[in-house]
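Numbering (the working numbering), first residue to last: 42 to 405.
Okay, structure first, notes after.
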Ligand code: FE2
């Protein structure tokens with residue numbers, strides 16, 4: 042079937058934050074990103090600035106307001122730090138905008154051609170759940186570091202080593218009660234995605250709380266967006282806690298891929314990134330559940346890395362604690378060894394670990 046929105050993958054993730062200088066430094070020191078580009082008053086912006094960092098195919102942008110009352114300041118005041126843009130790489134950003142807006146997508150940015158001495162760059166955008174936007178990025182005729190308007194950002198005395206993070210595996214959105222199916226339809230109808238997996242409250246429920254989830258994927262599988270909504274449980278679910286503290290729908294977690302999770306998580310932990318901890322008993326019957334794996338059990342147990350298997354192989358994964366003050370966004374670190382699924386076998390142990398954290402915060 043003809044894919045009306047061919048996507049080449051995630052181009053970048055842009056966060057609106059209270060302090061972009063310090064946020065970008067945290068991602069460099071703790072996650073091993075390298076400085077890439079900068080825009081701010083020195084490049085002609087009057088009311089905001091952005092620091093751009095990258096690591097292999099991952100690019101993160103941290104944007105903050107320099108003034109009160111701007112849309113960025115309002116966003117940070119309402120949501121705290123969070124994801125504003127999930128930017129997708131396309132061959133033709135004008136066509137991407139036309140195809141999606143003609144199918145009901147709400148425009149956030151008409152196609153714009155930006156030029157500098159490094160070539161021509163085209164960007165457009167549409168709104169998705171909450172205040173999140175998808176930007177379509179066409180950079181095939183552009184050879185600069187990031188995009189026109191940004192200057193290269195280098196640091197001479199500061200060095201930070203990579204942690205082995207490679208690319209965005211998937212980005213999960215939390216939406217409100219009864220909003221999962223409308224957003225599933227949005228991704229199907231407006232963006233040509235399909236629903237590849239579904240989890241109901243029987244799959245994802247602990248003694249206390251529940252959620253439902255549907256995984257949306259684009260045609261070539263490079264872009265995957267699971268959508269969660271809360272389900273009725275005895276106590277407040279993690280999605281409800283997110284919706285309360287984020288003051289609405291938004292990106293719950295971004296999964297970052299590595300080809301050596303033991304190395305990556307060892308590095309992240311030694312640099313201060315905190316992860317959810319499952320009980321040690323999780324490892325007692327792990328190999329009975331998932332069968333033979335290439336990794337030694339001892340380092341997985343020591344680092345708290347989870348394992349799950351599906352028909353095609355297995356995966357190793359681990360979830361960070363929230364990475365800003367509010368109990369909202371977090372990261373997943375994932376290494377796939379054939380498996381294309383999302384760790385359903387770990388849901389119960391994982392959600393119980395999340396609930397223990399919610400309990401500590403008084404939010405269960
Ligand atoms: Fe995930």
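Heads up, the beta-carbon is just placed ideally off N, CA and C, and yes, glycines get one too.
Note that the structure is predicted; figures quoted are calculated from it, not measured.
Subject >> Other residues of its chain near residue 393: CB distance less than 6 Å, five sequence neighbours each side excluded >> reply: As a working note, residue 393 is residue 352 in the chain shown. Answer for residue 393: 247, listed in chain order.
Margin query: With a threshold of 7 Å (Cβ to nearest heavy atom), would residue 209 be considered close to the ligand FE2?
Written below: Sequence index remark: in the chain shown, residue 209 carries index 168 (1-based). Answer for residue 209: no, Cβ out of range of the ligand FE2.
**Item:** As assigned by DSSP and simplified to three states, the class of residue 157
**Value:** The residue given as residue 157 occupies position 116 in the chain shown. Correct three-state label for residue 157: strand.
query: Along the chain, which unbroken stretches of the beta strand (DSSP E) at least 3 residues long are found entirely within the segment 275-329?
result: DSSP runs (the beta strand (DSSP E)) wholly in the segment 275-329: 291-299.
Say the cut is 7 Å; is the CB of residue 280 nearer than that to a heavy atom of the ligand FE2?
-> Here residue 280 refers to the residue found at position 239 when the chain shown is read from its first residue. If you check the C-beta of residue 280 against the ligand FE2, you find no heavy atom less than 7 Å away.
With DSSP as the reference, please indicate the residues paired to residue 100 in a beta bridge.
-> Working through the chain shown from its first residue, we reach residue 100 at position 59. Residue 100 has 95 as its beta-bridge partners, per DSSP.
Residues near the ligand FE2, criterion Cβ-heavy atom distance below 5 Å:
This selection yields 296 and 373.
- C-alpha distance - residue 308 paired with residue 204, whole-angstrom precision: As a working mapping, residue 308 is identified with position 267 in the chain shown. As a working mapping, residue 204 is identified with position 163 in the chain shown. Rounded to the nearest whole angstrom, the C-alpha separation of residue 308 and residue 204 is 6 Å.
* Asked: Which whole-angstrom value is the C-beta distance of residue 300 and residue 279, which I expect to be below 8 Å?
  -> Reading the chain shown from its first residue, position 259 is the one you call residue 300. Reading the chain shown from its first residue, position 238 is the one you call residue 279. About 29 Å separates the two Cβ atoms, so there is no contact after all.
Whose C-beta lies closer than 8 Å to the C-beta of residue 157 among residues of the same chain, with five residues either side of it excluded?
Position 116 of the chain shown, counting from 1, holds the residue named residue 157. Excluding residues within five positions, the ones whose Cβ falls inside 8 Å are 185, 189 and 190.
Q.
Between the segment 175-182 and the segment 193-204, can you find at least three pairs of beta-carbon atoms closer than 8 Å?
A. Between the segment 193-204 and the segment 175-182 there are fewer than three C-beta pairs closer than 8 Å, too few to call the two in contact.
- What's the gap between the Cα of residue 343 and the Cα of residue 396? Taking the chain shown and counting its residues from 1, one reaches residue 343 at position 302. Taking the chain shown and counting its residues from 1, one reaches residue 396 at position 355. Taken atom to atom, the span from the alpha-carbon of residue 343 to that of residue 396 is near 21 Å.
Pair within 8 Å by beta-carbon distance, residue 102 and residue 56:
The residue given as residue 102 occupies position 61 in the chain shown. The residue given as residue 56 occupies position 15 in the chain shown. Cβ distance < 8 Å, so residue 102 and residue 56 count as in contact.
Can you have a look at residue 338 and say buried or exposed, based on whether 16 or more other CB atoms are within 10 angstroms of its CB? What you label residue 338 is simply residue 297 of the chain shown in a count that begins at 1. Counting Cβ neighbours within 10 Å, residue 338 comes out exposed, since fewer than 16 surround it.
Give the straight-line distance between the Cα atoms of residue 347 and residue 382, rounded to the nearest whole angstrom.
As a first step, residue 347 is located in the chain shown; it is residue number 306 there, counting from the start. As a first step, residue 382 is located in the chain shown; it is residue number 341 there, counting from the start. Near 14 Å, if we compare the C-alpha coordinates of residue 382 and residue 347.
### Query
When DSSP builds the beta bridges, which residues end up paired with residue 184?
If you number the chain shown from 1, residue 184 lands on position 143. Per DSSP, residue 184 has no beta bridge partner at all.
Handout entry: Inter-stretch contact at 8 Å, needing at least 3 Cβ pairs: the segment 307-321 / the segment 133-145
Key = Under the Cβ criterion (8 Å, minimum of three pairs), the segment 307-321 does not count as touching the segment 133-145.
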